[in-house]
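See below for the structure under consideration.
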Amino acid sequence: RKVVPKKGKGLEIGVGTGRFAHSLGIQYGVDPSENMLQIARRRKIDVRKARGERLPFDSSFFEYVVIIIALCFVKDPVKVLIEAKRVLKNGGKIIIGIIDKDSFLGRFYQGKNSVFYREARFFSVKDLTGLLKMAGFSRISYYQTIYKLPDEINLIQQVRKGYGRGGFVVISAHIREGPDSLR
Numbered sequence: 399r400k401v402v403p404k405k406g407k408g409l410e411i412g413v414g415t416g417r418f419a420h421s422l423g424i425q426y427g428v429d430p431s432e433n434m435l436q437i438a439r440r441r442k443i444d445v446r447k448a449r450g451e452r453l454p455f456d457s458s459f460f461e462y463v464v465i466i467i468a469l470c471f472v473k474d475p476v477k478v479l480i481e482a483k484r485v486l487k488n489g490g491k492i493i494i495g496i497i498d499k500d501s502f503l504g505r506f507y508q509g510k511n512s513v514f515y516r517e518a519r520f521f522s523v524k525d526l527t528g529l530l531k532m533a534g535f536s537r538i539s540y541y542q543t544i545y546k547l548p549d550e551i552n553l554i555q556q557v558r559k560g561y562g563r564g565g566f567v568v569i570s571a572h573i574r575e576g577p578d579s580l581r
C-alpha cells in the first residue's frame, strides 16, 4: 500500500483471483487462467485473458503497473517489464512484489517441494534491479516485510524501507525519462 498510487489507472499483471487488485484498488488485470479471471470479475476487476509478455492495452494507458509474485512464473521476465513500460504513461510507475531469492524465505521456498512454487524462478533484489534498469526504469526504491517463516507468523509484520532482512520485498521504479529511454 505504501507504494501503490491512490489515484490513476492501474493494472495488475498476473491478477489471478483479483485478491490483491481488489484490496489495493487496482482496476484492471490480466492472467492466463480463465478460472481465476472469473473470480476476479466477481470482485469487479476489469480483466482480460492474456500474458504479461503481450498486454492487450494501448501504449501509455496506465499510471501504474503492479506485479505481485507473478514475475517468477513468466517465461520472459524482461519482455514482461518492457511490455509494462509500453503500457505506462510518461513518468509511470511499476511496483513488483517478490520473495527475495537471497532471503531466508526465498531459501525456504526453493528448498521446499511446494506445488505452488515448484515452477517458480526466484529473483534476488539485485537481479531484479538490474532487469528493471535494463528495461528502462529508474528511481528505484525498496520496502520489505515478513521476517519469520509463514507458520511462525502470528502478528502483522512491519514494513520497513530497504531490503536484506525481510523475505518479501516490494520494488518500485519509474520510467526513465530522457533521450536514452527506449519507448
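In terms of our numbering, the sequence shown opens at residue 399 and continues consecutively. All C-beta atoms, glycine included, are put in the ideal place defined by N, C-alpha and C. None of these values were measured; they are calculated from a predicted model.
(Q) Considering only their Cβ atoms, is the gap separating Y545 from V567 smaller than 7 Å? (A) no
Quiz item: Just curious, the beta strand (DSSP E) that A571 is in, first and last residue?
Solution: 566 to 573
Beta-ladder partner(s) of F459, from DSSP: None, per the DSSP bridge assignment.
| According to the neighbour-count rule (16 or more other Cβ atoms, all chains shown, within 10 Å of its Cβ), is S421 buried or exposed? | exposed
Coarse secondary structure for I467, derived from DSSP in three states:
coil
- Give me whichever residues DSSP pairs with D429 in a beta bridge. K447
Under the assumption that A413 contacts I443 (Cβ atoms under 8 Å), give the Cβ distance between them as a whole number of angstroms. Going by the sequence as given, residue 413 is Val instead of Ala. Confirmed, Cβ separation roughly 6 Å.
### Task
Spell out the partners DSSP gives E517 in its beta bridges.
Paired residues: none, contrary to the question.
State yes or no: is the C-beta of V478 within less than 7 Å of the C-beta of E517?
-> no
- Task: Starting from L409, trace the beta strand (DSSP E) both ways and give me its first and last residue.
- Result: 408 to 411
Would the stretch 485 to 493 and the stretch 430 to 438 be scored as touching if the rule is three or more Cβ pairs under 8 Å?
no
Looking only at DSSP bridge pairs, what is Y561 linked to?
Beta-bridge pairing links Y561 to no other residue.
For T543: DSSP bridge partner residues | F566
Between the C-alpha atoms of S512 and S457, what's the straight-line distance to the nearest angstrom? 37 Å
Next item on the list: Count the other CB atoms, across all protein chains shown, that sit within 10 Å of the CB of V445; report buried if there are 16 or more and exposed otherwise.
Entry: buried
Checklist entry - At which residues does the alpha helix (DSSP H) containing G528 begin and terminate? => result 523 to 532
Original post:
So what's I480 in DSSP terms, helix, strand or just coil?
Top reply: helix
Checklist line | Three-state secondary structure assigned by DSSP to A494 | finding: In the sequence under discussion, the amino acid at residue 494 is Ile, which differs from the Ala named in the question. DSSP places I494 in strand when its eight states are reduced to three.
V523 and Y561 - do their beta-carbons sit closer together than 7 Å? yes
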